[in-house]
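In our numbering, the protein residues as written are 1 to 630.
From the three backbone atoms N, C-alpha and C, an ideal C-beta is built for every residue, glycine too.
All of these numbers come straight from a predicted model, not from anything done at the bench.
Structure, as C-alpha cells:
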Amino acid sequence: MKRKLGVLALVSMLAVLGSTTALAAPLPESKYAAQIANAPDVLETTFKINVVFVGYEMADIDMPNFEAELPSTYDPLVILPYIYYDISLPINIHGDYEYNYVFADSSFNDSFFGYLTSIGKDGTLTEFQEAYNTQSNRSITIEPPHSLYIDAPSTELWLMNHGRSDLGLDVANYTIFFVNWYGRSDFRFHVYTKTDDPDVDTGVNFGEVYDQTKMIAWGGSYGRTWFYDLSAGPEAWSANWDINNADVDGGGDVDYRMPPVWEYGNMTGYRPFDNLSGDLGKVARWLAIDLLFTTNPVYDPLVTEPFPGFGKRLFINMFEDDPNSNGPDWIDKPYIRKTMQHLQPDYKWRVTLKDQPLKGSGLQGPFRIWAGLRNAPGCWGPYGDPFAELFCYVDTHRNNYLPPIKPLQNKMIGVFAFNTTDERMGNLGGLLGYADDDWMSGTPTYVFEFDTPGTRATGFGFSTTTTHEVGHHIGLAHPHDGYDSEADALIDPTGDYYFVWTGDESHSIMQYIAVANQFGWFDRDNMNRFLTGRYLTRSSEIAAELTPRGNSRKANALLQDANARLDESRRAFGAMDYAGAAKQARAGFERVWRAAQLAGLNPPMAKPLPAGVRTNVPKMVDPIPHPFQK
Ligand SMILES: [Zn+2]
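Quick look at the structure:
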C-alpha cells in the first residue's frame, strides 16, 4: 500500500513540474529530438563470414550439403525473459550473413602443418585418446606413445596472420578455419592446449594438469578468428572420443557429436558418420555463428548500465560458513576489477568486499532452506521452488546487505558469496554460482556464488566465478549455449546440439573449460553490439517523450550533439568498430538523457519489463563442469 502511494505522489509531482515549465516559457519543439525519435528502429548490417578449409580438398566437401546448414539472418533478442516468461525484447539489430568460401592451397597447407610440427611438443596420449583406442567400432588405433601438444592461441594467431597475408582474407570479418591434417604424410596425432592462465585463487593450471582441457579448437584471443580441427584429439570436452555410445550424458537421447575426421565413412558407430560436410555446416551455424560470433544476450545489458557520469560498483557480501577456511583467501579483487574494466573501459568499475559470519547475518536460515537442509516455510512459496529462497530473502532485506538505493549513484551489482562446506551445499552440491533474475520478467537481480573445499580441490575459487556470473548479470551468454533467431531455437549442449560443447574452446571467461579467465574478442564484440542497439533504441524512446515539449536552448544543443553522436555510432557499427559504436551510442544517449532531465523528466536506463507468465524452463545455473567432477 505504501509503495503505491509513493508512485502516485511521484506522478503528480511530474505533472506539476510539466505544467510549470509550459506556463513559464513556451518554446518550439526540438527538431533534433524528432530526428532522434524517428531514427530507424532497427540497425541493419551485413556480416561477411569467411569459411576457410585448410587441409581439405575441394572434393572432400559437398558444398550444397554444407551450405544447407547455414543461416542467412540474425535478429537478436534477450534470451532469459523470452524463455522464462515468454517476453520478447529484441535488440533491434538485423544482420544478413554472407559467406566467402576459401580452400587453402598446398603451399599454405605445407607451411601451416610445418608450423604445427615446429611448435608442438611430444607428450603421451591423453586418457581420452586412449579411451578412443578401446572403442570397438573405431576405424584406426592412435599409435602410442606420442601425441603432439600444440599451443592453441599461437595456432589461432598464425592462421589469422597468414590467412590475411597468404590467402588475402579480410580477417576483420569473422573467420572459421576448418582444419584437417589427417591423410598427409607429415600427419601427427595432436591436441591443442592453453596453459598460460592458471586460476588466480587456487593456482591450479587447468590447461596443464587436466587431460579434459586438451582441445580440438580455439579462437577469439587475437581477433575474429576461430579454428576447428577434426583431425585433432579426439577430446573429452565434446566427448567425440566415444563413438560407441549414443547417449553420453544420460539424457535419454542421441548426443550428436562430430567424430574424428577419419571416422567419416564408418557406418558402425552410434550413428552413421556419413556427412562430413553437413556436420561442418552444423558446427559453422549452431556453434561458431550462433554462440561465438553473433550471439544473443541472456539479460538486457541496458538494465545494468550506469547513469551518465557514474560507474559500476560490485558489492560482494562474503558469508563465512566453513570453520576451516577463510573466504577472502579465495577471492582476488584486483583481478575481478581489471577483468570487468577490460570488457567495459568507458566508465569506472569498483569492487567492494564485505566479509561476515553467515551465522547472525540473517541469511543462514534461508541458505539452509535453499540447500534443502532445513524444513521451514521461508519466503519461496509464491515462487513454487525452494531455489527462489536466496532471491526472495535478499530482495526483501536488500538494505541489510547493500548500500541504500539513491536516485543517482554508481550502478550497484550485489554479489552474495558463500564460503561453505560440501555438506552444507545440501541438494545443490557442485554448484558454483548463478546470476539470478527477478522471478517475473527475466530482469537481472543478484549474483549468488559458492566455494567449498571440494570446489577448491577441483581448482575453482571465487574469482573466476565472480567474473563469469557478473558477465551473465550484465548480459553475456556462454559459448556453449544460446539461441538461433532464424530457427527460433534454443541451443543447449545436449541431444542434437551436444557438439556445441566445443564452443568452450574459445577465449572467454564465459566458457567452462577453465583455460581462459578473461573476456575475449567475441565477448567484447557481442556486448558492444548489444549496447549499441539498446542505447540507440532507448535514445529514440526518450527523445519521443521530448518532441512535443518545449526544450530549452541548452536542451536543444544537447540534442543536436546527441544526434551527431548517434549517427557516428551507426557509422562505426557499419564499419565493424563495435567498441566505437557502443561508446558513441552511450555518448548520444547521455545527451538525450540530460536533455530529458532539463525538461523535468527522469527516465530509467531501461523501460521496466512487464511481469510475464513463468514457463517450466529450468533456471540457468553454473555447476562444476561435468568433465571435472570427481
Ligand atoms: Zn554461466
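Helix or strand or just coil, what does DSSP make of VAL617? VAL617 falls in the coil class under three-state DSSP.
Jot down the residue ranges of each uninterrupted alpha helix (DSSP H) in the segment 234-320, minimum 4 residues, whole runs only, in chain order. 276-282
Inter-residue spacing [alpha-carbon to alpha-carbon] between THR21 and ASN602: Confidence is the limiting factor: at THR21 the pLDDT is only 42, short of 50, which leaves the residue's position unreliable and the question unanswerable from this model.
Can you name the start and end residues of the alpha helix (DSSP H) that LEU159 belongs to? 152-167
Exposed or buried, what is ILE140 when buried is set at 16 or more other beta-carbons lying within 10 Å of its beta-carbon? So ILE140 counts as exposed.
Simplified DSSP state of SER632, which is helix, strand or coil: Beyond the ends of the chain as shown, which are 1 and 630, falls residue 632; an answer cannot be given.
State the CB to CB distance for the pair LEU230 and MET258, rounded to an integer number of angstroms; the pair is presumed to be in contact (CB under 8 angstroms). 6 angstroms
Applying the 10 Å Cβ sphere with the 16-neighbour rule, what's the burial state of ASN109? With 16 or more other Cβ atoms within 10 Å, it is buried.
Excluding the 5 residues flanking HIS94 on each side, which residues of the same chain have their C-beta closer than 8 angstroms to its C-beta? Same-chain partners within the cutoff: VAL42, LEU43, GLU44, THR45, THR73, TYR74 and ASP75.
Hey, would you say the C-beta of HIS473 is under 8 angstroms away from at least one heavy atom of ligand 1? no
C-beta atoms of ASP484 and TRP262 nearer than 9 angstroms: No, the pair does not count as a contact, with Cβ atoms beyond the cut-off.
From what residue to what residue does the beta strand (DSSP E) around VAL351 run? 349-357
ILE83, enclosing alpha helix (DSSP H) - first and last residue: 79-85
For the segment 425-487, which segments carrying the alpha helix (DSSP H) assignment without a break, of at least 4 residues, lie completely within its bounds, in sequence order? 453-458 and 463-473
With respect to 8 angstroms, is the separation between the Cβ of ASP437 and the closest non-hydrogen atom of ligand 1 below this value? Checking every heavy atom of ligand 1 against the Cβ of ASP437, none is found closer than 8 angstroms.
Beta-carbon proximity check, PHE319 vs ASN419, cutoff 9 angstroms: yes
Thinking C-alpha only, which one of THR494, TYR347, ALA477 and ARG529 is nearest SER508? Of the candidates THR494, TYR347, ALA477 and ARG529, the one whose C-alpha sits nearest the C-alpha of SER508 is ALA477.
Could you check where the alpha helix (DSSP H) with ALA596 kicks off and where it finishes? 578-598
Buried or exposed (CB count within 10 angstroms, at least 16 for buried), VAL298: buried
Do ASP622 and ligand 1 come close, with the Cβ less than 8 angstroms from some heavy atom? Result yes, Cβ under 8 angstroms from ligand 1.
Can you tell me which residues form a DSSP beta bridge with ALA217? TYR228
Could you tell me if the beta carbon of MET63 falls within a distance shorter than 8 angstroms of some heavy atom in ligand 1? Not under cutoff, so the answer is no.
State buried or exposed for LEU408, treating a residue as buried only when at least 16 other CB atoms are found within 10 Å of its CB. exposed
Please go through the same chain and pick out, in chain order, the residues whose beta-carbon is closer than 8 angstroms to the beta-carbon of VAL613, but skip the five residues on each side of it. TYR85 and ASP86
Does the beta-carbon distance from ASP211 to THR126 come in below 9 angstroms? yes
Can you name the residues that DSSP bridges to LYS121? In DSSP, LYS121 forms a bridge with TYR149.
Through-space distance from SER441 to PRO610, alpha-carbon basis: 6 angstroms
Given a cut-off of 9 angstroms, decide if PHE103 and VAL171 are closer than it, judged by their beta-carbon atoms. No, the pair does not count as a contact, with Cβ atoms beyond the cut-off.
When every heavy atom of ligand 1 is checked, does at least one fall within less than 8 angstroms of the C-beta of MET510? yes
Going straight from the alpha carbon of GLU505 to that of GLN511, what length do you get? 7 angstroms
Reduced DSSP secondary structure (H/G/I, E/B, other) of MET605: Look at MET605 here: in three-state DSSP terms it is coil, with no helix or strand label.
Whose C-beta lies closer than 7 angstroms to the C-beta of LEU89 among residues of the same chain, with five residues either side of it excluded? LEU77, VAL78, PRO81, ASP300 and LEU609
Should GLN629 go down as buried or exposed, given a rule of 16 or more other Cβ atoms within 10 Å for buried? Flag for GLN629 reads exposed.
Since LEU566 and SER539 are thought to touch, with beta carbons under 8 angstroms apart, how far apart are those beta carbons, to the nearest angstrom? The Cβ separation is near 6 angstroms, so the contact holds.
Nearest neighbour of ARG635, chosen from PRO382, ILE61, PHE112 and THR547 [CA to CA]: With the chain covering only 1 through 630, there is no way to say anything about residue 635.
Span of the alpha helix (DSSP H) around GLU67: 63-67
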